[in-house]
Amino acid sequence: MSPFGQPTAPAAVTKPKKARTGVASLVAIALLAAGVGGGAGFAAAQLGGSAGASQSTTTTVLQGDATSPDWTAVAEAASKSVVAIQVVGRTGSGGEGSGVVIDAQGHIVTNNHVVSSSGSGAQITVLLGNVSYEATVVGTDPTTDLAVIKLVDPPANLDVMPYGDSATLAVGDPVMAIGNPLGLVDTVTTGIVSALNRPVTTQAVTDNTNPVVRQNTQAVVTAAIQTNAAINPGNSGGALVNSAGELVGIPSSIATLTSSSNSESGNIGIGFAIGSDQVRYVADQLISTGKAEHPQLGVTAQDAGQTGQQGATIMAVTPDSPAEAAGLRAGDLVVSVDGAPVASTESLVALVRAGRVGEPMELVVLRNGKEETITVTPAAAAS
Numbered sequence: 010m011s012p013f014g015q016p017t018a019p020a021a022v023t024k025p026k027k028a029r030t031g032v033a034s035l036v037a038i039a040l041l042a043a044g045v046g047g048g049a050g051f052a053a054a055q056l057g058g059s060a061g062a063s064q065s066t067t068t069t070v071l072q073g074d075a076t077s078p079d080w081t082a083v084a085e086a087a088s089k090s091v092v093a094i095q096v097v098g099r100t101g102s103g104g105e106g107s108g109v110v111i112d113a114q115g116h117i118v119t120n121n122h123v124v125s126s127s128g129s130g131a132q133i134t135v136l137l138g139n140v141s142y143e144a145t146v147v148g149t150d151p152t153t154d155l156a157v158i159k160l161v162d163p164p165a166n167l168d169v170m171p172y173g174d175s176a177t178l179a180v181g182d183p184v185m186a187i188g189n190p191l192g193l194v195d196t197v198t199t200g201i202v203s204a205l206n207r208p209v210t211t212q213a214v215t216d217n218t219n220p221v222v223r224q225n226t227q228a229v230v231t232a233a234i235q236t237n238a239a240i241n242p243g244n245s246g247g248a249l250v251n252s253a254g255e256l257v258g259i260p261s262s263i264a265t266l267t268s269s270s271n272s273e274s275g276n277i278g279i280g281f282a283i284g285s286d287q288v289r290y291v292a293d294q295l296i297s298t299g300k301a302e303h304p305q306l307g308v309t310a311q312d313a314g315q316t317g318q319q320g321a322t323i324m325a326v327t328p329d330s331p332a333e334a335a336g337l338r339a340g341d342l343v344v345s346v347d348g349a350p351v352a353s354t355e356s357l358v359a360l361v362r363a364g365r366v367g368e369p370m371e372l373v374v375l376r377n378g379k380e381e382t383i384t385v386t387p388a389a390a391a392s
């Protein structure tokens, strides 16, 4: 039974059948934190900090032709805001990843699996501009695989990466991935947006002993940006930027070919990133309260059973839920959310989780063979 079928407080959407990745059986979805041992950069860096108030600099990039971005200018500007992260637990275990500076106070957004897998009491070191800084966890959100850490003693004049609008991305748009793959700091690769709202499922990483790290037993289901820009272990939490050098996504996982030894291959040109609109929504909450709330509809659904029909069939509606208030019914076949096609229950879960609590979303459903548009205002899912 899938985590979406747990008989606990209703999630965004519950699913009574096993979740599908939507990827062939020989392809696995792998998180992108790298094990400690790549180690490039940290050993030679000075441990330092700068006292006094922090200021920020947001660098704008003059775009080249729409079909020929000036990637040299983008890399020079955006790389200043991307950091390498090393996490070492009390037992010596740990990993490496990447992060993005998002404000002058030294807050850095990254993936939850980068900072949570080493347990409580882990030491977090951030490499920025060839200088190492200590950092602490501000808040984590296993549901979206996002986290925010903060430099203990941030330097003045931090370069802050501006947010872009991931909702305006189109398939074929040029993008650049910046991060710390395999411990190789300041690595940039380019590609395009290969697909949008790709439903991707990974396993949530939690630390039950750390009060700051929130426990969550659900899988992470993301309406991801798919890209062919090369990303590898260590790129987790880094930046996916557009031709203006704006943050449009946080790389979090890749598809890898599995072998008979259960080992995973590296980059095969299929990487996934969390859209910047969702990143900003979650990061702002983590900075403000240390936790994040997520939208729920209050339905149980399963993949459409009809031959040739795609969508998610509502099996049950929770009493007093947003779904009931909006008039959704058992038997409704959901075929789109806010204009994005729903191919499966997994994609319905991903699209709902990409929304915001209190912001209406339009669901197109087939009811008795007729198409209807129903507006639902999601409530906050129980924590």
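Residue numbers (this note's numbering): 10 to 392.
Here a beta-carbon is modelled for each residue, glycine too, at the ideal position from N, C-alpha and C.
- The C-beta separation of valine 197 from serine 88 comes to about 7 Å, placing the pair in contact by the 8 Å criterion.
- Glutamine 319 is positioned such that its CB atom lies closer than 8 Å to that of alanine 313.
- In this structure, isoleucine 240 lies near glycine 280, with their beta-carbon atoms less than 8 Å apart.
- Within the DSSP secondary-structure output, threonine 236 pairs in a beta bridge with Val202 and Gly280.
- In the structure shown, proline 164 falls within a coil segment according to DSSP collapsed to helix, strand and coil.
- Contact check for leucine 256 and alanine 264: beta-carbon distance about 23 Å, past the 8 Å limit, so the pair fails to qualify.
- Lysine 379 and serine 330 have their C-alpha atoms roughly 24 Å apart.
- DSSP places proline 331 within a helical segment (H, G or I) once states are collapsed to three.
- In the structure shown, the three-state DSSP call for arginine 376 is strand.
- For glycine 192, the three-state secondary structure derived from DSSP is helix.
- The Cβ neighbour count for glycine 192, taken over all protein chains shown within 10 Å, is at least 16; the residue is labelled buried.
- Collapsing the DSSP output to three states places serine 353 in coil.
- Bridge pairing for serine 345: Pro350 and Val373 [DSSP].
- When DSSP reads this structure, tyrosine 172 sits in a beta bridge with Leu256.
- The beta carbons of leucine 360 and alanine 232 sit about 5 Å from each other, so the pair counts as a contact at 8 Å.
- The residues Thr119, Asn121, Val124 and Thr149, in chain order, have a CB closer than 6 Å to that of alanine 156 in the same chain once the five nearest residues on each side in sequence are set aside.
- Between valine 202 and isoleucine 158, the gap from beta carbon to beta carbon reaches 8 Å or more.
- Burial check for glycine 246: the Cβ neighbour count within 10 Å reaches 16 or more, so the residue is buried.
- Counting along the chain, glutamate 302 sits inside no alpha helix (DSSP H), nor does DSSP assign it H or E at all.
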